[in-house]
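Trainee: Dumping the structure here so I can ask a few things about it.
Residue numbers (our numbering): 538 to 1201.
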């Protein structure tokens, strides 16, 4: 209720009028697929991909030479200013920032008109880990206010600190405690932490350190949530990283209509101790402490936080701004097609220009004073097959117009072994189930399938269940067996320029219980230009309806799922490697397809058939269309008179493919 000036209270109502089918199709095409932005980079990246990965890169070579000539000369002139800047830093920041050309870095950004050149001032002052973070103006606005203020945290710090200390003193494996202690002392030696001789928790904000055991190392994580620090962090923007899609998007853009005779190669650069290359502001150094258990003892030590800790929300915000500034210089000044995902920088190059690109990227790191891996497994050469953010990208068929993305053989083998061992033992703890669930979600996200969703949901139930028994029930074994089969049969994903096309399928089901043939279905295939290319509409045969009616009196839910299966069967091969949006006017059916599961034997069978065919679409998305706006509403009632369908070829359904009685 609101009050209008000069009158009494009034209630404002918003009334929505459904679009006509023509308008809905037009708007659907304008919106496209939610993931389209990944494969349709902005003009800057399209231009960069065309220039740097094109047949003629001579202009790019000139730009790189000009850049280094200009800024290396400038660096020599700024030596005294850089030294003066370094001497003005807080004492704890000097060893952390030693070798970084802060003045030059900022001047490069300012001359490029970069919106967040001020990030270098924060590098010099040290980043705040509490309160509101700076609005960089390079990320999209999206306000996430702090849960409470720093002053409020100080009021409740005593209770939170006691909880942190109790957590730290919890008994752990001695070898793990010793490793945490060893790495902590190494960080002290590097100047990233400093022992607090007072060791008092009064007037301090605490975090605790724990270890995550990975395949070939033990990683230290500092939990700043339990002690409340992360809850004081306010974010004015949505922080963004550039995933594998961004790398592939540049390659697809470079492919063009004719890839020609070029070969494209790539590699990932890894920064050394990335967060630790930048420091914390003096005020937070005085307040923040990381508690570490003395191995084998009921004692702890407190350490001052000097460098950005891995586990603080503010560290992520700070580092992503730094990484984005480096990428901007590489793209704008050196014309390098490069992306950043936290501390991983992935670059592409024409094979003949790989040496030049490597010189440009490493030269930039050296110019700015950023430390990167120079040898070993994290410093590979440019290659047609390269690792990128945990997956493998294969550019060997770039000339033929396609790129392949797959998991590493090691990852697949480890997952197979883990699932096999669990099935053999017949046991799975809650902690193991949660870990396995995370690995499977990551795994399936790079094969673009929803098929394992139901089995993964079973794992989630184990991970969050109240039962403390680790013995697997029969349903759990079946789920794990299906996941093992899924891992065995998954194939690399092929991506071509067809990924830039977005096609649309509209489906509908109808049920008129008083008619002799009560069920009917319809579907329409719409091209990226908005043309209805094909459609179908048919009564559902009595044999299928008998199965549906035996299950429930009003099977509209199943009748809404059935035409999706039919559509995938009819048009699936034509839609391979393309983006696809399926519009349905039944919210329950839409949700079930998104989840990959639902209640009911028949409905789940129909969903399984859809998911079997869905991986061919790879990018399928399920949207909601109002019934009035649904162009397939007419065909589902055998009415093909709508003007949108004038150019659509009518497809007959071979119902023998879609019998369901024998499968129940």
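We treat Cβ as the ideally placed atom computed from N, Cα and C, and that holds for glycine.
Keep in mind it's a predicted model, so treat the numbers as computed, not measured.
Could you check the C-alpha separation between residue 899 and residue 586 for me, to the nearest Å?
Mentor: Using only the alpha carbons, I get a separation of about 20 Å.
Trainee: Using the C-alpha atoms, what's the distance from residue 1182 back to residue 1202?
Mentor: Lying outside 538 to 1201, the shown extent of the chain, residue 1202 is not represented and no answer is given.
Trainee: Apart from the five residues just before and just after residue 1035, which ones in its own chain have a Cβ nearer than 8 Å to its Cβ?
Mentor: If we look at residue 1035 and ignore the five residues flanking it on each side, its Cβ neighbours are 1113, 1114 and 1115.
Trainee: For my contact list, residue 843 and residue 1021 are in at a C-beta cut-off of 8 Å; report their separation, rounded to the angstrom.
Mentor: Their Cβ separation, rounded to whole angstroms, is 47 Å, which puts residue 843 and residue 1021 out of contact at 8 Å.
Trainee: Please go through the stretch 659-742 and give each complete alpha helix (DSSP H) segment of 4 or more residues, from N-terminal end onward.
Mentor: Complete alpha helix (DSSP H) runs here, min 4: 687-705 and 711-727.
Trainee: Going by DSSP, what residue range makes up the alpha helix (DSSP H) through residue 1127?
Mentor: Note, residue 1127: alpha helix (DSSP H), 1124-1132.
Trainee: Which ranges does the alpha helix (DSSP H) cover as unbroken runs of at least 4 residues, wholly within the stretch 941-1022, from first to last along the chain?
Mentor: Whole alpha helix (DSSP H) segments, 4+ residues: 946-962, 967-982 and 990-1001.
Trainee: Look at the Cβ atom of residue 670, then the Cβ atom of residue 770, and state whether they are nearer than 8 Å.
Mentor: Cβ distance < 8 Å, so residue 670 and residue 770 count as in contact.
Trainee: Work out the CA separation of residue 569 and residue 897 for me, nearest whole Å.
Mentor: Whole-angstrom Cα-Cα distance: 36 Å.
Trainee: Can you give me the start and stop residues for the alpha helix (DSSP H) that residue 856 sits inside?
Mentor: From DSSP, the alpha helix (DSSP H) with residue 856 extends over 850-871.
Trainee: Identify, in the order they occur along the chain, each residue of the same chain with its Cβ nearer than 6 Å to the Cβ of residue 863, setting aside the five sequence neighbours on each side.
Mentor: There are no such residues.
Trainee: Within 8 Å of any Cβ in chain B, is that where the Cβ of residue 886 sits?
Mentor: Protein chain content of the structure displayed is limited to a single chain, and chain B is not contained in it.
Trainee: Which two residues bound the contiguous alpha helix (DSSP H) that contains residue 604?
Mentor: Taken as a continuous stretch (DSSP letters only), the alpha helix (DSSP H) holding residue 604 covers 595-614.
Trainee: Check each candidate in 873, 906 and 1107 and name the one with the smallest Cα separation from residue 892.
Mentor: Ranking the options by Cα distance to residue 892, first place goes to 873.
Trainee: In terms of alpha-carbon separation, which member of 1135, 930 and 1008 lies closest to residue 990?
Mentor: For residue 990, the nearest C-alpha among the options comes from 1135.
Trainee: Report the rounded CA-to-CA distance for residue 725 versus residue 894, giving the unit in angstroms.
Mentor: Approximately 36 Å between the Cα atoms of the pair.
Trainee: Answer yes or no: do residue 745 and residue 828 have a C-beta to C-beta separation smaller than 8 Å?
Mentor: The answer is yes: Cβ separation under 8 Å.
Trainee: Considering just the uninterrupted stretch of the alpha helix (DSSP H) at residue 1195, what are its terminal residues?
Mentor: Careful: residue 1195 lies outside any alpha helix (DSSP H) and carries neither H nor E.
Trainee: Per DSSP, residue 803 forms a beta bridge with which residues?
Mentor: The partner list for residue 803 (beta bridge, DSSP) reads 885 and 920.
Trainee: So residue 772 and residue 812 are in contact, right, with Cβ under 8 Å, and what is the actual spacing, rounded?
Mentor: No, residue 772 and residue 812 are not in contact; Cβ-Cβ is about 17 Å, not under 8 Å.
Trainee: Within 10 Å of its beta-carbon, does residue 875 have 16 or more other beta-carbons around it, so buried, or fewer, so exposed?
Mentor: Buried.
Trainee: DSSP state of residue 773, grouped into three classes?
Mentor: In this structure, residue 773 counts as strand in the three-state DSSP scheme.
Trainee: Leaving aside the five residues before and after residue 706 along the sequence, list all residues of the same chain whose C-beta is less than 7 Å from its C-beta, in chain order.
Mentor: Cβ neighbours of residue 706 beyond the five flanking positions: 830, 835 and 837.
Trainee: Using the C-alpha atoms, what's the distance from residue 1038 back to residue 920?
Mentor: Cα to Cα, residue 920 sits roughly 28 Å from residue 1038.
Trainee: Would residue 932 pass as a contact of residue 784 if the rule is Cβ separation under 8 Å?
Mentor: No, the Cβ-Cβ distance between residue 932 and residue 784 is not below 8 Å.
Trainee: Taking DSSP as the reference, what is the three-state secondary structure of residue 651?
Mentor: Note: residue 651 maps to coil in three-state DSSP.
Trainee: Could you tell me if residue 562 is buried or exposed, where buried requires 16 or more neighbouring beta carbons within 10 angstroms of its beta carbon?
Mentor: Buried is the call here.
Trainee: State the Cα-Cα distance for the pair residue 758 and residue 1130, rounded to the nearest angstrom.
Mentor: Distance between the alpha carbons of residue 758 and residue 1130: 37 Å.
Trainee: In whole angstroms, what separates the C-alpha of residue 699 from that of residue 857?
Mentor: For residue 699 and residue 857, the distance between alpha carbons rounds to 32 Å.
Trainee: Using the Cα positions of residue 960 and residue 949, report the straight-line distance between them to the nearest angstrom.
Mentor: The alpha-carbon atoms of residue 960 and residue 949 are separated by roughly 17 Å.
Trainee: When you compare the CB positions of residue 799 and residue 941, do they come within less than 8 Å of one another, or not?
Mentor: Taking 8 Å as the Cβ cut-off, residue 799 and residue 941 do not qualify as a contacting pair.
Trainee: Can you tell me whether residue 814 is buried or exposed? The criterion is at least 16 other CB atoms within 10 Å of its CB, across all chains shown.
Mentor: Residue 814 comes out buried.
Trainee: When the Cα of residue 847 is compared with those of 888, 710, 666 and 1008, which residue comes out closest?
Mentor: It is 666 whose Cα lies nearest to the Cα of residue 847.
Trainee: Return the CA-CA distance between residue 1059 and residue 1166, expressed in angstroms with no decimal places.
Mentor: Computed Cα separation, rounded: 14 Å.
Trainee: Residue 620 to residue 712, Cα distance in whole Å?
Mentor: Each residue's alpha carbon lies about 44 Å from the other.
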